[in-house]
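**Student:** So the mapping is simple: this note's numbering equals the position in the sequence shown, first residue as 1, plus 287.
I have a structure here, written as structure tokens, and I will follow up with some questions on it.
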Amino acid sequence: MKILIIGMGYVGTTTGVVFAKQGHEVTGLDIDESKITSLRKGKLYFHEPGLQEMLLDQMKNGRLQFTSDPNSAIENHDLLFITVGTPSLNNGKADLTYVKSAAEMIGRYKNNEKVVIVKSTVPIGTTDKVEQWIHQSANDPSAIHAAMNPEFLREGSALYDALHPSRIVIGSQSSAAVSELKKLYSPFSCPLLVTSTKAAEMIKYASNAFLATKISFINEVAKLCDQVGVQVTDVAKGMGMDERIGPAFLQAGLGYGGSCFPKDVKEFTETAQSLGVPLTILEDVEKVNQLQSHYFINRVKEVYPSLKGKKVTVLGLSFKPHTDDIRESVAYPVMDQLLKEEASIIAHDPVVNLSTEWLKRGVTQCWDPYVAVKNSDLIIITTNWPHYEKMNWARVQDLVAHPYLFDGRNMLDAEEMKNLKFKYQGIGYS
């Protein structure tokens, strides 16, 4: 198949590379010239394990190319995926500016019948609007077959998820679109659900909202564990043994972040509110998540009532390991609160470059974690990078001024750290 991917973010780029890997001819389209210039050179402009090598392989075999010319790209492809971003507006609703622009662009340049698949995470009813926007801006009267095909990629393991999907959801009222997508996904051995466009849109939001709920739930349980002296890791392990619950997303910590959970929970709750069906559980899920970093800093202040002048090493800037995405990363509200307390911050992350804004605010970035912890009064782990688990913590103990270690991801062995004479605290009694 000849496939056009509109929007070269991490979803679009990963999806395009995997379709090319499956033997299809894929073109990636983006109006951002800097992205296209980078990709044409075979250089991935974001961090995603394994994707760089596969990108180069598919470009070398001629199955993957990139363009910023929508005219020829749309004219020469009949299977078009929309994978543009849908960031949150100030009111929590999803911003559909890029989706609408992509739809209108398809309308302007379409020259025959097209199958248009929305893969972006969009509010309920948007796929129908995409079809309308295409027709409204089209000169060509030929049919559009629209479908919603949500992505379930996790940043940091997006390539694996695209190659080994847990399920495929196709939402469409068009038999032609369903037929084409079934053919496209025939090599994948996973459950496939065909449903309506609105149901497919809601499946994506409901899935992310439920996972966010599990995270906020275990973080609430962790606070209770702190009070009664119970290890939250034991509680989570026991809960996870129940197959109805499962162990995933029961890791207590500093809360969820990234490009999906925060904005999707907001959009889902805002949509429900506007329809007069408030999702009160999810409203509380969001509140718990927003307050988690404050709870953590209050734990720190039990050790240091005054953080003024204290040297604090923050380990981790990305919202999760194996990605350079800092959207809604909890490291930043933590650093913001530390700066308000007049602490001196040294930050480390294996891949993230600290922005000029934070450097101007006085945060120092250090690329060597052992240099970052030298003479530190307090270490805070905000991202569970495996680099930190593999660190020589006996060496770290010799480097710090004071051995206070706050593990915001519960990633280290509490007993081992205490045996090394660290004053170690996680979240949920340690």
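For glycine and all other residues, C-beta sits at the position ideal for the given N, C-alpha and C.
#1: To the nearest angstrom, report how far apart Y657 and T600 are at their CA atoms.
#2: Bridge partners for G315 per DSSP, in chain order?
#3: Assuming T482 is part of the beta strand (DSSP E), what are its boundary residues?
#4: Do you know whose CA, among A449, E312 and D317, lies nearest M346's CA?
#5: Quick one: residues in its chain with C-beta nearer than 8 Å to the C-beta of Y447, no 5 flanking neighbours on either side, listed in chain order?
#6: Could you say which of V417, L707, S546 and S473 lies nearest to G267 if we only look at CA atoms?
#7: Taking only the alpha-carbon atoms, compute the straight-line gap between H674 and L326 and give it to the nearest angstrom.
#8: Is G458 helix, strand or coil by DSSP?
#9: Could you tell me the distance, in whole angstroms, from the CA atom of H635 to the CA atom of W654?
#10: Rounded to the nearest angstrom, what separates D365 and E320 at their Cα positions?
#11: Can you give me the start and stop residues for the alpha helix (DSSP H) that F548 sits inside?
#12: Can you tell me whether R696 is buried or exposed, with buried defined as 16 or more other CB within 10 angstroms of its CB?
#13: So for S321, helix, strand or coil by DSSP?
#14: Count Cβ pairs between the region 293 to 307 and the region 387 to 407 that sit closer than 8 Å; are there 3 or more?
#15: At the level of alpha carbons, what is the spacing between S359 and H581?
#16: Alpha carbon to alpha carbon, what distance is there between Q712 and Y332?
#17: Taking all protein chains shown into account, do 16 or more other C-beta atoms lie within 10 angstroms of the C-beta of C729, making it buried, or fewer, making it exposed?
#18: With three or more beta-carbon pairs closer than 8 Å as the criterion, would you say the region 367 to 375 touches the region 466 to 483?
#19: Leaving out five residues on either side along the sequence, give the residues of the same chain with a beta carbon under 7 Å from the beta carbon of M526.
#20: Just the C-alpha distance for V386 and E644, rounded to the nearest angstrom, thanks.
#21: Determine the closest residue to D694 out of E676, L686 and R682, with distance taken between C-alpha atoms.
#22: For the candidate residues F353, I667, K501 and M622, whose alpha-carbon lies nearest to that of G649?
#23: Report the rounded CA-to-CA distance for K627 versus D356, giving the unit in angstroms.
#24: I'd like to know if Q460 contacts chain C, where contact means its C-beta is closer than 7 Å to some C-beta of that chain.
#25: When the Cα atoms are used, what is the spatial distance from F397 to A307?
#26: Helix, strand or coil: which one does DSSP assign to Q538?
#27: Going by DSSP, name the residue or residues bridged to Y691.
#28: Under a three-way DSSP split, which group does I411 fall into?
#29: Ignore the nearest five residues each way along the sequence and tell me which others in T670's own chain have a CB closer than 8 Å to its CB.
#30: Do G516 and Y716 have their C-beta atoms within less than 7 Å of each other?
#31: If N495 and D551 are in contact, beta carbons under 8 Å, what's the gap, nearest whole angstrom?
#32: On the DSSP bridge assignment, give the partners of I431 in chain order.
#33: Measuring only the C-alpha atoms, how far is Y543 from P428?
#34: Relative to the C-alpha of A235, which residue among S503, K501, V465 and P592 is closest?
#35: Nearest by alpha-carbon distance to E629: which of K647, S593, G315 and V639 is it?
**Tutor:** Concretely, from the data shown:
#1: Within the sequence shown, the letter at position 370 stands for residue 657. Within the sequence shown, the letter at position 313 stands for residue 600. Near 10 Å, if we compare the C-alpha coordinates of T600 and Y657.
#2: Position 28 of the sequence shown, counted from the first residue, corresponds to residue 315. According to DSSP, G315 bridges with I292 and F353.
#3: Mapped onto the sequence shown, residue 482 falls at position 195. Residues L479 to T482.
#4: Stepping through the sequence shown from its first residue, residue 346 is reached at position 59. Measuring from the Cα of M346, the nearest candidate turns out to be E312.
#5: Taking the first residue of the sequence shown as 1, we reach residue 447 at position 160. Excluding positions up to five away in sequence, the list reads G337.
#6: There is no way to answer for residue 267, as the model of the chain reaches only from 288 to 717.
#7: If you number the sequence shown from 1, residue 674 lands on position 387. If you number the sequence shown from 1, residue 326 lands on position 39. So the two alpha carbons sit approximately 28 Å from each other.
#8: The sequence position of residue 458 within the sequence shown is 171, counting from 1. Strand at G458.
#9: Reading the sequence shown from its first residue, position 348 is the one you call residue 635. Reading the sequence shown from its first residue, position 367 is the one you call residue 654. Approximately 6 Å, taken between the alpha carbons.
#10: Walking along the sequence shown from the start, residue 365 turns up at place 78. Walking along the sequence shown from the start, residue 320 turns up at place 33. Each residue's alpha carbon lies about 24 Å from the other.
#11: Taking the sequence shown and counting its residues from 1, one reaches residue 548 at position 261. Start and end: F548 to S561.
#12: To locate residue 696, count along the sequence shown from 1; it is residue 409. With 16 or more other Cβ atoms within 10 Å, it is buried.
#13: As a position in the sequence shown, residue 321 is number 34, starting the count at 1. S321 falls in the helix class under three-state DSSP.
#14: yes
#15: Here residue 359 refers to the residue found at position 72 when the sequence shown is read from its first residue. Here residue 581 refers to the residue found at position 294 when the sequence shown is read from its first residue. The alpha-carbon atoms of S359 and H581 are separated by roughly 52 Å.
#16: The residue given as residue 332 occupies position 45 in the sequence shown. The residue given as residue 712 occupies position 425 in the sequence shown. Near 36 Å, if we compare the C-alpha coordinates of Q712 and Y332.
#17: Here the chain comprises residues numbered 288 to 717, so residue 729 is not present and cannot be evaluated.
#18: no
#19: Translated into positions along the sequence shown, residue 526 becomes position 239. Cβ within range, chain order: I532 and L537.
#20: Start at 1 with the first residue of the sequence shown, and residue 386 comes out as number 99. Start at 1 with the first residue of the sequence shown, and residue 644 comes out as number 357. One C-alpha to the other measures close to 30 Å.
#21: Here residue 694 is taken as the residue at index 407 of the sequence shown, counted from 1. It is E676.
#22: The residue you call residue 649 lines up with position 362 of the sequence shown. When each option's Cα is compared against that of G649, the closest is M622.
#23: Taking the sequence shown and counting its residues from 1, one reaches residue 627 at position 340. Taking the sequence shown and counting its residues from 1, one reaches residue 356 at position 69. Roughly 47 Å between the two C-alpha positions.
#24: Among the chains in the structure shown there is no chain C, since it carries only a single protein chain.
#25: Locating residue 397 in the sequence shown gives position 110, counting from the first residue. Locating residue 307 in the sequence shown gives position 20, counting from the first residue. According to the sequence displayed, residue 397 carries Lys and not Phe. Roughly 23 Å between the two C-alpha positions.
#26: Within the sequence shown, residue 538 is the residue found at index 251, counting from 1. Correct three-state label for Q538: coil.
#27: Reading the sequence shown from its first residue, position 404 is the one you call residue 691. K710, per the DSSP bridge assignment.
#28: Locating residue 411 in the sequence shown gives position 124, where the first residue counts as 1. Coil.
#29: Your numbering for residue 670 matches position 383 in the sequence shown. Contacts found: L602, G603, L604, S605, F606, K607, P608, S616, A618, D636 and R696.
#30: Your numbering for residue 516 matches position 229 in the sequence shown. Your numbering for residue 716 matches position 429 in the sequence shown. Their beta carbons are under 7 Å apart, which means G516 touches Y716 by this criterion.
#31: Counting from one through the sequence shown, the residue named residue 495 turns up at place 208. Counting from one through the sequence shown, the residue named residue 551 turns up at place 264. Correct: roughly 4 Å between the Cβ atoms.
#32: Position 144 of the sequence shown, counted from the start, is the residue given in the question as residue 431. Its beta-bridge partners are K401.
#33: For the purposes of this step, residue 543 is identified with residue 256 of the sequence shown, where counting begins at 1. For the purposes of this step, residue 428 is identified with residue 141 of the sequence shown, where counting begins at 1. Looking at the two C-alpha atoms, the distance is approximately 45 Å.
#34: Only positions 288 to 717 of the chain appear in this structure, which leaves residue 235 out of reach.
#35: Walking along the sequence shown from the start, residue 629 turns up at place 342. Per the Cα distances, S593.
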